[in-house]
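S.K.: Heads up: the protein sequence lines correspond to chains A, B and C, in order.
For the first sequence, the working numbering assigns the number 12 to the initial residue and increments by one for each residue that follows.
For the second sequence, the working numbering assigns the number 278 to the initial residue and increments by one for each residue that follows.
For the third sequence, the working numbering assigns the number 9 to the initial residue and increments by one for each residue that follows.
Where a beta carbon is used, it is the ideal one built from N, C-alpha and C, also for glycine.
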Amino acid sequence: MKADPKSVLTGVYYIDGDVAAGYGALAAGCKFVAGYPITPSTEAFEAVCHRGPKVGTVFIQMEDELGSISAILGAAWSGAKTMTITSGPGYSLMQDAIGFGAMLETPFVLLNIQRGGPSTGVPTKTGQADMMQSRWGSHGDYEVIAIAPDSPQEMFDYTVKAFNLAEKYRCPVMIMSDECVGHMTEKVVIPEAEKIDVEPRRLFTGKAADYRPFSPGPDLVPKMAKAGEGLNLYITGVVHNENGHPVADEKYKSACIRRLVDKIRINKDKIIELKEEGIDGADVIVVSYGISSRVAVKGVEMARQKGIKVGTLRLVTVWPFPDDRINELAMKTKAFVVPEINYGQVVYDVARCAHGHASVVLVPHGGAGVHNPADVADAIEFAVNQEKPMEGVHEFKTRLEKSVFEGGFKLKE
Amino acid sequence: MNSIIEAINKGIEQSGLDRNKISIPSDIPFEPETVKSLGVDYFQVPRGRAIAFGSGLKLGNPELKIIPVVGDLMTLGGNHFVHGTRRNMELLVLCINSFVYHKVAGKSVPVVTEAFSPYSTFEEPFNFPHLGNSCGAVYTARWTALHTAELAKSIAEALHKRGMSMIEILAPGPSYYRYVTDLDSELLQFYFENSTVKNDEDPRNAAITADGKIIVGKFTDKERATFIDSYNIQHTKILGDAFTPHGSLPEKTGGGNG
Amino acid sequence: MAEIRFAGYGGQGIIRSGIIAGKAASIFDSKYATMSQSFGPEARGGACSSQLVISESKVLYPYITNSDVLVAMSQAGYDKFESEMGEEAMLLYDEDLVKPKPPRGKILAHAIPATRFAEELGIKIVANVVMLGFFTAITNLVTYDSMKKALPGLVPEKALPLNLKAFERGYEYGKEILAKKQSNKGNK
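(1) Check distances from the C-beta atoms of the stretch 188-206 of chain A to those of chain C and list, in chain order, the residues that come in under 8 Å.
(2) By Cβ distance, which residues of its chain are closer than 8 Å to asparagine 452 of chain A, with the 5 residues on each side in sequence left out?
(3) On the three-state DSSP scale, how would you describe serine 472 of chain B?
(4) Give the secondary structure of glycine 533 of chain B by DSSP, where H, G and I count as helix, E and B as strand, and everything else as coil.
(5) Please identify, using Cβ separations under 8 Å, the residues of the stretch 16-41 of chain C that lie next to chain A, in order along the chain.
(6) Use the C-beta contact count for threonine 240 of chain C: other C-beta atoms within 10 angstroms, 16 or more gives buried, fewer gives exposed.
(7) Within the present structure, is the beta-carbon of serine 472 of chain B separated from the nearest heavy atom of the ligand FMN by less than 8 Å?
(8) Use the C-beta contact count for serine 81 of chain A: other C-beta atoms within 10 angstroms, 16 or more gives buried, fewer gives exposed.
(9) Give me the chain C residues within the contact set of valine 23 of chain A, using Cβ-Cβ distance strictly less than 8 Å, ordered along the chain.
(10) Pull up the distance between the alpha-carbon of isoleucine 594 of chain B and that of glycine 90 of chain A, whole angstroms please.
(11) Nearest CA to the CA of lysine 345 of chain A: which residue from A:Pro384, A:Asn338, A:Lys399, A:Ala388?
(12) Can you check whether the C-beta of tyrosine 180 of chain A is within less than 9 Å of a C-beta belonging to chain B?
(13) May I ask you to verify whether the stretch 228-243 of chain A touches the stretch 315-322 of chain B, counting CB pairs closer than 8 Å and requiring at least 3?
(14) Could you tell me the distance, in whole angstroms, from the CA atom of valine 295 of chain A to the CA atom of isoleucine 515 of chain B?
(15) So, at 6 Å on beta carbons, what are the nonlocal neighbours of glycine 46 of chain A in its own chain, with the 5 sequence-adjacent residues on each side left out?
(16) Is the beta carbon of alanine 159 of chain A closer than 9 Å to that of aspartate 189 of chain A?
(17) Please list the residues of the stretch 238-252 of chain A that have a C-beta atom closer than 9 Å to any C-beta atom in chain B, keeping them in chain order.
(18) For asparagine 374 of chain B, write down the residues that DSSP places opposite it in a beta bridge.
(19) List the residues of chain C that lysine 309 of chain A touches, going by C-beta distances under 7 Å, in chain order.
(20) Going by beta carbon distance, what residues of the same chain come within less than 6 Å of glutamate 412 of chain A, once the five residues before and after it are set aside?
(21) Can you check whether the CB of valine 137 of chain C is closer than 9 Å to the CB of phenylalanine 175 of chain C?
(22) By the criterion of Cβ-Cβ separation under 8 Å, what are the contact partners of valine 381 of chain A in chain C?
(23) Based on the DSSP secondary-structure assignment, which residues constitute the bridge partners of glycine 127 of chain A?
(24) Determine the DSSP secondary structure at proline 163 of chain A, reduced to helix, strand or coil.
(25) Return the residues of the stretch 253-265 of chain A that lie within a Cβ-Cβ distance of less than 9 Å from chain B, sorted by chain order.
(26) Give a yes or no on whether the C-beta atoms belonging to glycine 494 of chain B and valine 474 of chain B are separated by under 9 Å.
(27) Ignoring anything shorter than 3 residues, give me the beta strand (DSSP E) runs that lie fully in the stretch 177-206 of chain A, in order along the chain.
(28) Just to confirm the assignment, what range does the alpha helix (DSSP H) spanning leucine 353 of chain B have?
(29) Identify which residue in A:Val232, A:Glu288, A:Phe393 has its Cα closest to the Cα of valine 348 of chain A.
(30) Select from A:Lys279, A:Gly289, A:Val192 the residue whose C-alpha is nearest the C-alpha of glycine 301 of chain A.
(31) From leucine 115 of chain A to isoleucine 246 of chain A, what distance separates their C-alpha atoms?
(32) From the DSSP secondary-structure annotation, give me the bridge partner or partners of proline 302 of chain B.
(33) If you reduce the DSSP assignment to three classes, tell me which class histidine 405 of chain A lands in.
(34) First and last residue of the alpha helix (DSSP H) that includes glutamate 308 of chain B?
(35) When the cut-off is 9 Å and only beta carbons count, does threonine 93 of chain A lie next to chain B?
(36) Could you tell me which of B:Trp420, B:Ala329, B:Val415, B:Pro449 sits nearest to proline 302 of chain B, measuring between CA atoms?
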């Protein structure tokens, strides 16, 4: 299905990533956005509030993030494609309902413009430390899809894609962007509606009496319904059988929850998107995502000038994780270097998949800024000089980290 | 709880509305058979989120009539009630108050349940109708599980209100007392002896106190622009023809026609 | 490739300057331009800067390593970003607001009373646009036509004529300065 021309703001813009994501949501057919403004995601919500009423997208500023996410789940069940927009503190508040949405197999998109944390952290500056929260933030087992765009154009493109994935797999899709990309302004081209593919909701079309809300298809995804159609829906966050009725038996628990996990796992090859460059024959592969991948480019360039063979692998989708690909590359390369704006999150998945066949070097950053490319270059050089694979995850000491450690955590004002 | 379900059923019946267009988001569990017999759509949401979830249902499809059922004295999600009422979201909130009464030392005092509160409670219950009215609810009432006919009538009336209506329902805790029929009937006896109907009473005077009678009745009934009305008016004013109103227009009352 | 830093305080239109120049370069000059903003915990009145990278090819690394141009609209902004300037950078500054250190290396400094010009035009807040006119004339990184095309939509519609006037004022002043410096060189 193609996008509705009414909701596609075709044109060439010079806008930031937040706004581009907002426009992407409209183009994808998002009809309801509930949010509670929070820096640095506010511009995305503003973009929806500004353009939404003209294209038939309803918005509401809720009383808090608990309300925002609950409202979008409600709207999803009345038939709308929905999104909420937030950053760190709001994201934490939403976790309970994210699990509820996953349990109900509700398609929805969550845009998280990550900022420095924990707590209030640095509201106006960047971070990438919500990555594990995006995967496991709510209690219980479930799987999500998480995407990390690296430019305003990608914020538009991948917001559209996020909606499509949400409809296809009926799961939460997180756009795990960051303040740098959210507040980065670049040219964004929004194509004509006929060039934008949108995934329609997979609605049940049979007789009401035959409808079983959680009866899966071959790809493990059940057909969706909406309220008000005479289906007498019984939908609950309690572990349920195919009819949606509560059951507490361990067999049903497995059937219900295992499927939430497996519908993503068995389809992961269709979901995962990677961007690789210079991988063949590379001695070191830099694995990164979001803004860090653009910063790493400079470090890679510097390392290449020293004659080191470096390849780059960008995780466009971070979750589900590309286990097989990392595993395969671990047999061919000496080391993975992982710059991320946290003290080690995605790097542990790289290490898990490297299986000790290649060194895994973390280039950490505490947030409120991006890596110094020279640190990435030095980490690459360090990694390539190891005679045999290092054990576990090696944390590279960056210039910034050294300055903190050397002062014994006491910084001169 | 069964008597409340029965009142909801009768209320919907009396309202004449299409059951297919009614959704009940609830943080209190209903049995699947109950939902089937009501002929509505039902969503059991995390505790405290029925009003927020219901707001989304309504905004996603304004044709729907939404009856959020909330319990736990709205300790969770009370803010959704306050702000949902302020913005006059078109919902009928049934607030199940299981603050029951028990005689301690010869005097009736509110307890949550004996199971949770072995030494009874010293906290005062909310005056929900007063809270709702202060926040701008267009309809407020209070009934006990004993007043099923009055409750059904209130539900029927409130379902035709444009805006946030709220009915507080004093009832035994649904799960703890489900099998304890003795206590159930004892409590209903208590409601019978201790409640007094005062329709049109100022909700400010309707606080539940340990010594006084429980005042029940339909307290307030007024008109105010709903959230969707205000949303439409505001954007039409600013954007003119560029804006297509959402849902039914203010002059068309009742079920709405999308 | 050119790395440009705009620095000042919140409310001066520092980020807006980056957006206008970036839009001109990427949409009307068909180059690539990435603008990033940064501001302190309090946006209004606090230190504020934007960075713009203009390139003939896609901008991969979006930040400044050594700036080619520093546009300073406040002393604090200048002090903070002076050391970031490359050896052959250009410094453009509001002469009433910034007192620069003696130039180092081959850095060329160009001064304009941008805020005073803006006040003469009747409103102080167009000082950033006066500065953009000056920037256009001096650096040649973005064309005159593209800059003028970039203004609509980025300044209030009613204030567009005033902003165009402010832009012209800065541009003319820049051209005069260049001509003067050129003739001084000729005289030497």
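M.R.: On the basis of the supplied data:
(1) Cys191, His194, Met195, Thr196, Glu197, Lys198
(2) Any answer about residue 452 of chain A is impossible in this case: the structure gives chain A only from 12 up to 424.
(3) strand
(4) With a pLDDT of only 38 at glycine 533 of chain B, under the threshold of 50, the placement of this residue in the model should not be trusted; the figure read from the coordinates follows. Reduced to three states, the DSSP call for glycine 533 of chain B is coil.
(5) Gly26, Ile27, Gly30, Lys31, Ser34, Ile35, Tyr40, Ala41
(6) An answer regarding residue 240 of chain C cannot be provided, because it is not within the stretch 9 to 196 covered by chain C.
(7) Here there are no bound small molecules, and the ligand FMN is not part of this structure.
(8) buried
(9) Ile35
(10) For chain B, the structure presents residues 278 to 535; residue 594 of chain B sits outside this window and is missing.
(11) A:Lys399
(12) no
(13) yes
(14) 57 Å
(15) Phe56, Ser79, Thr95, Ile96
(16) yes
(17) Ala238, Gly239, Glu240, Gly241, Leu242, Asn243, Leu244, Tyr245, Ile246, Thr247, Gly248, Val249
(18) B:Leu447
(19) Tyr69
(20) none
(21) yes
(22) Tyr71
(23) A:Val133
(24) helix
(25) Asn254, Gly255, His256, Pro257
(26) yes
(27) 183-189, 195-201
(28) Element bounds for leucine 353 of chain B: n/a, residue is neither H nor E.
(29) A:Phe393
(30) A:Val192
(31) 7 Å
(32) B:Phe320
(33) strand
(34) First-last for glutamate 308 of chain B: undefined, no H or E at that position.
(35) yes
(36) B:Ala329
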